[in-house]
Each structure stands twice: as structure tokens, then as C-alpha cells.
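Everything on this sheet refers to the single structure shown next.
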Amino acid sequence: MSQLQSLRGMVDLLPEQTRRWQAVEAVALEHFRCAGLDEIRTPLLEFTELFARGIGEGTDVVGKEMYTFLDRGERSCTLRPEGTASVVRAAMQHGLLSQGSQKLWYGGPMFRYERPQAGRQRQFHQIGVEFLGFCSPRSDAEAISLAWDLLSDLGIKGLKLEINSLGTVEDRNRFRAELVTWLEEHVDQLDADSQARLATNPLRILDSKDRDTQLLLKEAPTLMKALSKDSVTRFEEVLALLNTLQIPYQLNPRLVRGLDYYGHTAFEITSDQLGAQATVCGGGRYDGLIQQLGGPVTPAIGWALGMERLLLVISAAAQADPDGPAARLTAAKPLFVYVINRGEQAELQALAFARQLRGAGMAVELDGTSASFGKQFKRADRSGAQWAAVIGDEEAKTRQVRLKPLLGEGEECQFNWQDATTYLMEQR
RNA sequence: GCGGGUGUCGCCAAGUGGUUAAGGCAGCGGCUUGUGGUGCCGCCAUCCGGGGGUUCGAAUCCCCUCAUCCGCCCCA
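What follows is the structure in C-alpha cells.
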């Protein structure tokens, strides 16, 4: 079609969808409020260098997925592909880190230049949290439980929390050397992708989906065995806390995650309702990132949750359980009064009357046509409103209004405006 | 970047070489010129994603292209 349309992977959210989004966002906001988080909003556009240095040059995100361009001043700019780097940059730039530790949340669009598929778009939306300046295993468990409880509260079932420890930088360097040595002895048995990755990002080979490679990797050295004693102890403390909180998890030694800044705890929450892109929420600890970006040594942990995927899961949950909490989030827009009006004076009055009802907090639709009463009633009925308020020439003469319940059998009654407003407020 | 599927009205959808491209939903108008939810009637694609070709003749066959969906890679 030659009609103007949105760019590939850029998706419009129509009213039916935005209602759900608002409901989900409201639940998330409430969880963040109760957990004492503050919101931070950062620009969508940053210097490319921020992501290159923060996320890692060797990652897929930086290597092939960024929306990067030169601005009019020849500076390389990039539409943010994720939130953490920007949040850390903003915290550093404004001295937040020297005001003590920070618990922040953010939300908004992210951009990754990829082929769209189920659960993946080029512009997508995340909400995420970042705990800056927290090092204890307790903060890991707190962050994870925040995500877990939020998802549970939304009525989503069948979620799986997978968790792993990537240890310290030293642990990983030691392990990487060990792994590369071992893999080089078996290069010929690796799939093509993994062979290429041997030079660029060997840890990611552990995550390969190739069946033969996976079989081979069963014999490979494991990260867990390469972890230092302290790292293991720390990880065990996190797991013990999850046990205490009764949050079920599954150890996944292959979970490496694609962003360089993660260390120690790394986790993902997945759903079986999503097809190939099953991760709803992913995160982990990034104790080295802030220093790497030129800030003070600051331990931190965070996660990000994909809104589009979350909404997909919620829709599935709503279908499975039409009376459950997920279904309530998808409810239709609640309209209370539909104002039917016809005639010159009546139409003027109707606008003022609708305004009065709206001022009292009611959701009011005003029929904007001068169609027959029959037509307007038909529309009122379809609007889903509970009440019809009728103002025609007869009512206009005495500044009155007739109220008729649209559901059930109730009688139609005539009131002056003030009594009508009071009456409707009592009916809510 | 690489596989595979799909593209007929706002939405769903029949039609698979032959004069006017079914039907349903939604929308609009009417029966009912001050009262809805049911019913009935009417209107609503000179056109089948776009371009080229084959043919007396194509939405239906071929080629190219675009879009979209699903998958790979990777991630939210």
C-alpha cells in the first residue's frame, strides 16, 4: 500500500490498548511508591559513547541494533536502547550519587533496530528500577521481589524466575580464559555463530540455542566452579533470601545476559505465553558500570520489564480467567452519563450541563449531532453509559433535564440541573 | 542480515482464468420528524498491497517490488 504509515517496528497504541497500559502503569506506580522509589526521567537521545562504553562494544545491542545518527553538529547520537546507562549518567551528572544511595524507577520507549516478531518491536517500552549504592545481597532480593510481586499482583500465572551468578570481573576473566582454552580444543564441533563469538564474546556461547553445541557444553568448564569463595557465598545469601520470601526460582548456569555490565546476580523472569521471546523482565547487578562511566565506585542492581510483552501475557491471563485481576485491567472505558440534546437552546444548555456533571467528577459524553432523539438514544445505548440525560426544547424552557436509566427498567424523571447532579452523584 | 507464511471494504471473510467482486460486524440513512436496546428496508470495494508480464479475457497464472506476520541471531 502506498498510504502513509508508521515505520516498521513502530507501533501505535489505540484507545483499547492505552486503557490497559494505564491500568498496568497505575499498579506499577503503586508498587514503586510502596517500595519508596522515586521516578527519574532521562532524554531519549544520548551521545553514542554512553551506550558504547556502558553496554559494551562487543554486545549485539551496540554492535548492530542501535539507532545512531550524526546531528547537525556532527555529534554521534543514539536513541536509547535501554535505560540503565542513561539513569547512571544522569545520577552522575547531577551528583545524586554523593547524596547517598538512590532507589529509582523509570519508564518509557527504547529503540533497537531489529526485525520485528512476536514480542519484539523497534520501539518498545520498558519500566525498570535501579538501586544505586546498594551492595548487600538483601538489595538483590529486594529488587527481585519488587518485580515478582508486581507481576503477581497483575494476575499473571506461570512465570518462571531464572537466576545465576556471574561473579566478579576477576572471576569472569579467569573463567573466560579457561573456557576459551577449552573451546579452542573443540572449535570444529561448534556451530558457526558460536565459532564467531569465540573471539568477540565467548561467554555468550554458553547461551547458544544450537543443540549440538549445547550437548558439547555439558562437558565444558562451568562458571559456577570458577567463582571465588566470596562470590559463591554472596550468591547463596541471595538464594536464601528468596527462599525466605518464598519466591520460587530456578538456577540457570547458562544465563549470561547480553549486556557487559552485569556481574554477580543475573536473572530473568519468563512466561510460557510469549512464543520465542519469552523474557518479560531481566536484570542483575552492575557494580562496575558506574566506575566504568567515570563515576565513583558504586555498587548497584536493577531490572527492566518489557511493557509490550507484559501486556501480551496479561491478555493471555485475562482470557484464561475472565474474572481474574488481569481481566479487570482490560475492562472497557466506564462512561456514566450520555447527554442527549436537540434544539438551539437545548444544545447550548446541554454543553453547560455536561460541564457541570464533569465538574462533579462524572464521565460524561455529549452527543454532538442534532440527530433525532431516537438516533441519539441509539448511540447512548451503544456508548455503554448508565444514564441518559435528555435536554430538548421542552426542558430548555425551564432549564430542566430528564434522566433515564439505560440499564434495567427504571423510570424517567425530570429535575432541575442541581437536583439532577446531586441525584446522579448518589447513583454512582 | 538470513529462513518461512500472508496480503480482497474500518474489522472478519467468500471468490482460485470468463459479463455487475458473496456474506457478516461496524458505520450511515429510513420505517419511528421527542426516547434506546429487537425487527425490517436502503447505502457503504469501477476494485482485489504496488508495478510489469502471459491471455481474447486475471483478484485468480508468472516475474519483480513493498508491507506485514512468525522464526533464526539477540534481547524487554
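In my numbering, each residue carries its 1-based index in the first sequence increased by 84. In this text, a Cβ means the ideal position worked out from N, Cα and C, and glycines have one as well. Quantities reported herein were computed from a predicted structural model and do not represent experimental measurements.
Option nearest Gly476 by Cα separation, candidates Glu431, Glu198 and Thr152: As a position in the first sequence, residue 476 is number 392, starting the count at 1. Nearest C-alpha to Gly476: Glu431.
Cβ pair count under 8 angstroms reaching 3, the segment 86 to 97 against the segment 154 to 165: Contact between the segment 86 to 97 and the segment 154 to 165 is absent: fewer than 3 CB-CB pairs across the two stretches fall below 8 angstroms.
Three-state secondary structure (DSSP) of Ala351: The sequence position of residue 351 within the first sequence is 267, counting from 1. One point to set straight first is that residue 351 is Phe, not Ala, in the sequence displayed. In this structure, Phe351 counts as strand in the three-state DSSP scheme.
Start and end residues, alpha helix (DSSP H) containing Arg70: There is no way to answer for residue 70, as the model of the chain reaches only from 85 to 512.
Stretch pair the segment 371 to 378 + the segment 195 to 203: three plus CB contacts closer than 8 angstroms: The segment 371 to 378 vs the segment 195 to 203: no contact.
As assigned by DSSP and simplified to three states, the class of Pro286: Translated into the one-based positions of the first sequence, residue 286 becomes position 202. Helix.
Met85 (DSSP reduced to helix, strand or coil): Reading the first sequence from its first residue, position 1 is the one you call residue 85. Bear in mind that the predicted position of Met85 carries a pLDDT of just 41, short of 50, making it too unreliable to give a figure here.
Inter-stretch contact at 8 angstroms, needing at least 3 Cβ pairs: the segment 331 to 349 / the segment 100 to 113: In short, these stretches do not touch, since the Cβ pair count stays below three.
Those residues which DSSP pairs with Phe153 across a bridge: Residue mapping note: residue 153 aligns to position 69 of the first sequence, counting from 1. BP columns for Phe153 point to Cys161.
Length of the line joining the Cα atoms of Asp122 and Asp314: Taking the first residue of the first sequence as 1, we reach residue 122 at position 38. Taking the first residue of the first sequence as 1, we reach residue 314 at position 230. Approximately 32 angstroms, taken between the alpha carbons.
Check whether Asn500 and Arg486 have beta carbons under 8 angstroms apart: Residue numbering aside, residue 500 sits at position 416 when the first sequence is read from its first letter. Residue numbering aside, residue 486 sits at position 402 when the first sequence is read from its first letter. Their beta carbons are not under 8 angstroms apart, which means Asn500 does not touch Arg486 by this criterion.
Among Leu181, Leu343, Lys481 and Asp224, nearest to Arg137 - alpha-carbon criterion: Taking the first residue of the first sequence as position 1, residue 137 is located at position 53. When only C-alpha atoms are compared, the closest one is Leu343.
Contact belief for Thr173 with Leu134 at Cβ below 8 angstroms, rounded distance in angstroms: For the purposes of this step, residue 173 is taken as the residue at position 89 of the first sequence. For the purposes of this step, residue 134 is taken as the residue at position 50 of the first sequence. According to the sequence displayed, residue 173 carries Arg and not Thr. That belief holds up - the Cβ atoms of Arg173 and Leu134 are roughly 6 angstroms apart, short of 8 angstroms.
Extent of the continuous beta strand (DSSP E) to which Phe499 belongs: Start at 1 with the first residue of the first sequence, and residue 499 comes out as number 415. Cys497 to Asn500 is the span of the beta strand (DSSP E), which, as asked, contains Phe499.
For Glu493 and Lys462, the rounded distance between their alpha carbons: As a first step, residue 462 is located in the first sequence; it is residue number 378 there, counting from the start. As a first step, residue 493 is located in the first sequence; it is residue number 409 there, counting from the start. One C-alpha to the other measures close to 16 angstroms.
Spatial distance of Phe215 from Ala324 (CA atoms): For the purposes of this step, residue 215 is taken as residue 131 along the first sequence, with counting starting at 1. For the purposes of this step, residue 324 is taken as residue 240 along the first sequence, with counting starting at 1. Spanning the two alpha carbons is a distance of roughly 20 angstroms.
Backbone secondary structure at Cys118 - three-state DSSP: Mapped onto the first sequence, residue 118 falls at position 34. Reduced to three states, the DSSP call for Cys118 is helix.
Assigned secondary structure, Glu246 (DSSP; H/G/I helix, E/B strand, else coil): Stepping through the first sequence from its first residue, residue 246 is reached at position 162. DSSP, reduced to helix, strand and coil, places Glu246 within a strand of the structure shown.
Cβ pair Arg393, Ala310 closer than 8 angstroms: Translated into positions along the first sequence, residue 393 becomes position 309. Translated into positions along the first sequence, residue 310 becomes position 226. Cβ atoms of Arg393 and Ala310: not closer than 8 angstroms.
Exposure label - Asn425; buried when at least 16 CB within 10 Å: Translated into positions along the first sequence, residue 425 becomes position 341. Asn425 should be labelled buried.
Backbone secondary structure at Ile228 - three-state DSSP: Mapped onto the first sequence, residue 228 falls at position 144. Ile228: helix per DSSP, three-state reduction.
Buried/exposed call for Asn327, threshold 16 Cβ in 10 Å: In the first sequence, counting from the first residue as 1, residue 327 sits at position 243. Here Asn327 is exposed, its C-beta having fewer than 16 other C-beta atoms within 10 Å.
Three-pair Cβ contact test at 8 angstroms for the segment 361 to 373 versus the segment 393 to 402: yes
Three-way DSSP call (helix, strand, coil) for Glu141 in this model: Locating residue 141 in the first sequence gives position 57, counting from the first residue. If DSSP states are grouped into helix, strand and coil, Glu141 belongs with coil.
For Arg104 and Met85, the rounded distance between their alpha carbons: The residue you call residue 85 lines up with position 1 of the first sequence. The residue you call residue 104 lines up with position 20 of the first sequence. Interpretation of Met85 is limited by its pLDDT of 41, a score under 50 that renders its predicted location unreliable; no figure is taken from the coordinates.
CB-CB length for Tyr190 against Gly167, believed under 8 angstroms: Indexing the first sequence from 1 puts residue 190 at position 106. Indexing the first sequence from 1 puts residue 167 at position 83. Yes, they are in contact, since the Cβ atoms of Tyr190 and Gly167 sit about 5 angstroms apart, within 8 angstroms.
Through-space distance from Ile139 to Val145, alpha-carbon basis: Stepping through the first sequence from its first residue, residue 145 is reached at position 61. Stepping through the first sequence from its first residue, residue 139 is reached at position 55. Spanning the two alpha carbons is a distance of roughly 8 angstroms.
Per-residue DSSP class, three states only, for Tyr422: Within the first sequence, the letter at position 338 stands for residue 422. Note: Tyr422 maps to strand in three-state DSSP.
Exposed unless 16 or more other CB atoms sit within 10 angstroms - verdict on Gly386: Numbered from its first residue, the first sequence carries residue 386 at position 302. Buried.
Between the CA atoms of Ala227 and Cys497 - distance to the nearest angstrom: On the first sequence, position 413 is the one that residue 497 refers to. On the first sequence, position 143 is the one that residue 227 refers to. Each residue's alpha carbon lies about 56 angstroms from the other.
Identified DSSP bridge partners for Ile211: Mapped onto the first sequence, residue 211 falls at position 127. Bridge partners of Ile211: Gly191 and Leu389.
Simplified DSSP state of Pro200, which is helix, strand or coil: Along the first sequence, one-based indexing puts residue 200 at 116. Three-state result, Pro200: coil.
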